[in-house]
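Chemist: Which chain is which? The protein sequence lines are G and S, in order.
Using my numbering, you'd call the opening residue of the first sequence number 106 and step up by one each time.
Using my numbering, you'd call the opening residue of the second sequence number 106 and step up by one each time.
Protein chains: 2
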Amino acid sequence: MIFRQLFDNESFTYTYLIADQQAKKAILVDPVITQVERDLRLLAEFDLTLSHTLETHIHADHITGAHALRQQTNCKIIVPANATEIHGEDKKIQHAEVLKLGHINITALATPGHTDDSMIYVVNKHCVLTGDTLFVRGCGRTDFQHGDPGQLYDSIQMHLFSLPDDTLVYPGHDYNGHTHSTVGEEKQWNPRLAERTREEFISIMENLNLPTPKKIKESVPANRYCGNLDVVP
Amino acid sequence: MIFRQLFDNESFTYTYLIADQQAKKAILVDPVITQVERDLRLLAEFDLTLSHTLETHIHADHITGAHALRQQTNCKIIVPANATEIHGEDKKIQHAEVLKLGHINITALATPGHTDDSMIYVVNKHCVLTGDTLFVRGCGRTDFQHGDPGQLYDSIQMHLFSLPDDTLVYPGHDYNGHTHSTVGEEKQWNPRLAERTREEFISIMENLNLPTPKKIKESVPANRYCGNLDVVP
Numbered sequence: 106m107i108f109r110q111l112f113d114n115e116s117f118t119y120t121y122l123i124a125d126q127q128a129k130k131a132i133l134v135d136p137v138i139t140q141v142e143r144d145l146r147l148l149a150e151f152d153l154t155l156s157h158t159l160e161t162h163i164h165a166d167h168i169t170g171a172h173a174l175r176q177q178t179n180c181k182i183i184v185p186a187n188a189t190e191i192h193g194e195d196k197k198i199q200h201a202e203v204l205k206l207g208h209i210n211i212t213a214l215a216t217p218g219h220t221d222d223s224m225i226y227v228v229n230k231h232c233v234l235t236g237d238t239l240f241v242r243g244c245g246r247t248d249f250q251h252g253d254p255g256q257l258y259d260s261i262q263m264h265l266f267s268l269p270d271d272t273l274v275y276p277g278h279d280y281n282g283h284t285h286s287t288v289g290e291e292k293q294w295n296p297r298l299a300e301r302t303r304e305e306f307i308s309i310m311e312n313l314n315l316p317t318p319k320k321i322k323e324s325v326p327a328n329r330y331c332g333n334l335d336v337v338p
Numbered sequence: 106m107i108f109r110q111l112f113d114n115e116s117f118t119y120t121y122l123i124a125d126q127q128a129k130k131a132i133l134v135d136p137v138i139t140q141v142e143r144d145l146r147l148l149a150e151f152d153l154t155l156s157h158t159l160e161t162h163i164h165a166d167h168i169t170g171a172h173a174l175r176q177q178t179n180c181k182i183i184v185p186a187n188a189t190e191i192h193g194e195d196k197k198i199q200h201a202e203v204l205k206l207g208h209i210n211i212t213a214l215a216t217p218g219h220t221d222d223s224m225i226y227v228v229n230k231h232c233v234l235t236g237d238t239l240f241v242r243g244c245g246r247t248d249f250q251h252g253d254p255g256q257l258y259d260s261i262q263m264h265l266f267s268l269p270d271d272t273l274v275y276p277g278h279d280y281n282g283h284t285h286s287t288v289g290e291e292k293q294w295n296p297r298l299a300e301r302t303r304e305e306f307i308s309i310m311e312n313l314n315l316p317t318p319k320k321i322k323e324s325v326p327a328n329r330y331c332g333n334l335d336v337v338p
């Protein structure tokens, strides 16, 4: 398996390249439109066919590279089953559905809370791509796109903190220079979750008073069209 | 072994935390002064004693966190043997010297070229911390601090490209969102090195026309005092 964590320094987004070297097939999770050239170069170097792009949710802080990648590679665009008002995707992935990539199994789990369509992806029981559901010592905000702190708490407890402690956590963003973590660490040291009740978590999330994401007005509509800027109304 | 890659978003610097979990001892390679709080928190969470800080070279783009970390933890500061005009270090590490951290062996190799004092650190034959000697699809510049492109070419060929192809490459910086690579990849796809003669490499490096690093005037003197800003003349 090839596993590469890639970073977009403008939106602090992590993109993941996962590939089966024998099958020569790859997927990209949460690609960023401004990094498509870099990602295509990496695919070409490894001599990989891009099979799918996969989103953890409809992002509010960057535009997906999915459409641009499909144009170049004929890959299929997969979005979470619960994503609404979506146009141009090739497939919606369901909760508990397993995407097979050669010998790699990628299991999608619906984890609403940051947004109502959020999903996490468990890769071969080795690691989990947590999107904005869980960050290293943090988590995604819950104040737009039908976010719900109670739901987020439940999603994390049920689908993330039930994984083995040594499962590697690869987040969708990091703003403090962390690259990854483990489930055990987040259970023990995530300041929003460790030894917090559901009510405490909700109270923390309801009092973050964060500014509106700078690019939300362009990102959400564009991402509802899988990043195809030519057709966004 | 705990292995964590940490990023400083201002200087695009990677810091590495390496620890033996049984011995509860850690080292930090290329810590950044503005990230010391984050690094100390991580050490505390893992219940690790910081044994040493280690520099790959005297940096021109950020100030080391070594002194601040020593103040807080009583760790020892190690600098490369060839670093000159250095004050306040605890130890100079020699070419081919092995630093032992519990069951982890960290082998220092002198790789002059980016600067005359540059070193790389091979960690347990598993990965190599390349500092500014080799980046993912790039390398450090050679136009100050006694840099020398011919020497850099020789250092890379002799000490990096002689390692097994699957050795993981963890660089000192990345400006394009790459986190790591392998020796085999860099041999094959590093545009400055793959299928390049020594003369071609020298010509590329001599024609980069890069601007002077913004913080060189404050960084180099501060780093010669191991980041102790109170005593920098």
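Note that the Cβ used here is the ideal one computed from N, Cα and C, for glycine as well.
#1: For the stretch 127-152 of chain S, which residues have a CB atom closer than 8 Å to at least one CB atom of chain G, in sequence order?
#2: Inspect the CB distances between the stretch 180-192 of chain S and the stretch 303-320 of chain G and report whether three or more fall short of 8 Å.
#3: Could you tell me if S:T247 is buried or exposed, where buried requires 16 or more neighbouring beta carbons within 10 angstroms of its beta carbon?
#4: What residue from G:G277, G:P338, G:C232 and G:N281 has the CA that sits closest to G:A165's CA?
#5: Using the three-state DSSP reduction, which class does S:S308 fall into: helix, strand or coil?
#6: According to DSSP, is G:H283 part of a helix, a strand, or is it coil?
#7: Can you pull the chain G neighbours of S:T169, defined as C-beta to C-beta under 9 Å?
#8: Any beta carbon from chain B within less than 8 Å of S:F112's own beta carbon?
#9: Does the Cβ of G:D279 have 16 or more other Cβ atoms within 10 Å, making it buried, or fewer, making it exposed?
#10: CB-CB under 8 Å to S:T118, same chain, minus the five flanking residues each way: which ones, in chain order?
#11: Which residue from S:G218, S:L239 and S:A213 puts its Cα closest to that of S:Q76?
#12: Below 7 Å between beta carbons is the criterion; list the residues of the stretch 157-183 of chain S that meet it against any residue of chain G, in chain order.
#13: Please list the residues of the stretch 271-284 of chain S that have a C-beta atom closer than 7 Å to any C-beta atom in chain G, keeping them in chain order.
#14: Enumerate in chain order the residues of its own chain whose CB-to-CB distance from G:I209 is below 7 Å, with the five nearest sequence positions on each side excluded.
#15: Output the boundary residues of the beta strand (DSSP E) element that contains G:N328.
#16: Would you kindly work out how many angstroms separate the C-alpha atoms of G:I132 and G:L148, rounded to a whole number?
#17: What residue from G:L153, G:Q127, G:G170 and G:D152 has the CA that sits closest to G:T120's CA?
#18: Given that a residue counts as buried once 16 or more other Cβ atoms are within 10 Å of its Cβ, and exposed if not, what is G:M263?
#19: Please report the distance separating the alpha-carbon of S:D195 from that of G:Y330.
#20: By Cβ distance, which residues of its chain are closer than 7 Å to S:Q177, with the 5 residues on each side in sequence left out?
#21: With a floor of 3 residues, list each beta strand (DSSP E) that falls wholly inside the stretch 209-255 of chain G, ordered by position along the chain.
#22: Pull up the distance between the alpha-carbon of S:D152 and that of S:R143, whole angstroms please.
#23: Under 8 Å, do S:E323 and S:P254 count as touching if we go by C-beta distance?
#24: Check whether the Cβ atoms of S:L206 and S:T161 lie closer than 8 Å to each other.
#25: Check this for me: beta carbons of G:C232 and G:T238, under 8 Å apart or not?
#26: Measuring straight from C-alpha to C-alpha, what distance separates S:T272 and S:R242?
#27: By Cβ distance below 6 Å, which residues in the same chain neighbour G:H192 in space, the five residues on each side in sequence not counted?
#28: For S:T220, which residues of its own chain have a beta-carbon under 7 Å away from its beta-carbon, when the five flanking residues on both sides are left out?
#29: Thinking C-beta only, is S:H172 closer than 8 Å to S:A186?
#30: Which residues in the same chain as G:R297 place their Cβ atom closer than 7 Å to its Cβ, once the five residues preceding and following it in sequence are excluded?
#31: Alpha carbon to alpha carbon, how far is S:L174 from S:V336? Give it in angstroms, no decimals.
#32: Any idea what DSSP makes of G:S116, helix, strand or coil?
Modeler: Concretely, from the data shown:
#1: Against chain G - using a Cβ distance shorter than 8 Å - the residues of the stretch 127-152 of chain S are Q140, R143 and E150.
#2: At 8 Å Cβ cutoff, the stretches do not touch.
#3: As a working mapping, residue 247 of chain S is identified with position 142 in the second sequence. By the 16-neighbour rule on beta-carbons within 10 angstroms, S:T247 is buried.
#4: What you label residue 165 of chain G is simply residue 60 of the first sequence in a count that begins at 1. In this structure, G:G277 is the residue among G:G277, G:P338, G:C232 and G:N281 with its C-alpha nearest to the C-alpha of G:A165.
#5: Within the second sequence, the letter at position 203 stands for residue 308 of chain S. Three-state result, S:S308: helix.
#6: Numbered from 1 along the first sequence, position 178 holds the residue referred to as residue 283 of chain G. Strand.
#7: For the purposes of this step, residue 169 of chain S is identified with residue 64 of the second sequence, where counting begins at 1. Ordered by position in chain G, no residue passes the 9 Å Cβ test against S:T169, which lies about 16 Å from the chain.
#8: Protein chains in the displayed structure are G and S, and chain B is not among them.
#9: Working through the first sequence from its first residue, we reach residue 279 of chain G at position 174. That one is buried.
#10: For this step, residue 118 of chain S is matched to residue 13 along the second sequence. Only F112, D135, V137, H164, D166, H167, G277 and H278 meet the Cβ criterion.
#11: Examination of residue 76 of chain S is not possible in this model, given that chain S is present from 106 through 338 alone.
#12: Taking 7 Å as the cut-off between beta carbons, none of the residues of the stretch 157-183 of chain S comes near chain G.
#13: Per Cβ criterion, the list reads N281, G282, H283 and T284.
#14: Along the first sequence, one-based indexing puts residue 209 of chain G at 104. Taken in chain order, the residues that qualify are M106, I123, D125, V228 and N229.
#15: Residue numbering aside, residue 328 of chain G sits at position 223 when the first sequence is read from its first letter. G:N328 -> not in any beta strand (DSSP E); alpha helix (DSSP H) instead, spanning I321 to R329.
#16: The residue you call residue 132 of chain G lines up with position 27 of the first sequence. The residue you call residue 148 of chain G lines up with position 43 of the first sequence. Pairing G:I132 with G:L148, the inter-Cα distance amounts to about 10 Å.
#17: The sequence position of residue 120 of chain G within the first sequence is 15, counting from 1. Closest option to G:T120, Cα to Cα, is G:G170.
#18: As a first step, residue 263 of chain G is located in the first sequence; it is residue number 158 there, counting from the start. Counting Cβ neighbours within 10 Å, G:M263 comes out exposed, since fewer than 16 surround it.
#19: What you label residue 195 of chain S is simply residue 90 of the second sequence in a count that begins at 1. What you label residue 330 of chain G is simply residue 225 of the first sequence in a count that begins at 1. Going by the C-alpha atoms only, they are around 58 Å apart.
#20: Sequence index remark: in the second sequence, residue 177 of chain S carries index 72 (1-based). L145.
#21: DSSP runs (the beta strand (DSSP E)) wholly in the stretch 209-255 of chain G: 209-215, 224-228 and 232-236.
#22: Here the question's residue 152 of chain S lines up with position 47 in the second sequence. Here the question's residue 143 of chain S lines up with position 38 in the second sequence. Distance between the alpha carbons of S:D152 and S:R143 is about 14 Å.
#23: Stepping through the second sequence from its first residue, residue 323 of chain S is reached at position 218. Stepping through the second sequence from its first residue, residue 254 of chain S is reached at position 149. S:E323 is not a Cβ neighbour of S:P254, given a cutoff of 8 Å.
#24: For the purposes of this step, residue 206 of chain S is identified with residue 101 of the second sequence, where counting begins at 1. For the purposes of this step, residue 161 of chain S is identified with residue 56 of the second sequence, where counting begins at 1. Against a cut-off of 8 Å, the Cβ pair of S:T161 and S:L206 comes out as no contact.
#25: As a working note, residue 232 of chain G is residue 127 in the first sequence. As a working note, residue 238 of chain G is residue 133 in the first sequence. No, these two residues do not count as a Cβ contact at 8 Å.
#26: Taking the second sequence and counting its residues from 1, one reaches residue 272 of chain S at position 167. Taking the second sequence and counting its residues from 1, one reaches residue 242 of chain S at position 137. A straight-line Cα-Cα distance of about 15 Å links S:T272 and S:R242.
#27: For the purposes of this step, residue 192 of chain G is taken as the residue at position 87 of the first sequence. Hits under 6 Å: Y330.
#28: Here residue 220 of chain S is taken as the residue at index 115 of the second sequence, counted from 1. Same-chain partners within the cutoff: H162, I163, Q250, H251 and G252.
#29: Residue numbering aside, residue 186 of chain S sits at position 81 when the second sequence is read from its first letter. Residue numbering aside, residue 172 of chain S sits at position 67 when the second sequence is read from its first letter. Taking 8 Å as the cut-off, the Cβ atoms of S:A186 and S:H172 do not count as close.
#30: Locating residue 297 of chain G in the first sequence gives position 192, counting from the first residue. Spatial neighbours of G:R297 in its own chain (CB-CB distance under 7 Å, excluding positions within 5 residues in sequence) are listed in chain order as G243, C244, F306 and I309.
#31: As a first step, residue 336 of chain S is located in the second sequence; it is residue number 231 there, counting from the start. As a first step, residue 174 of chain S is located in the second sequence; it is residue number 69 there, counting from the start. The alpha-carbon separation between S:V336 and S:L174 amounts to approximately 16 Å.
#32: The count along the first sequence starts at 1 and reaches residue 116 of chain G at position 11. In this structure, G:S116 counts as coil in the three-state DSSP scheme.
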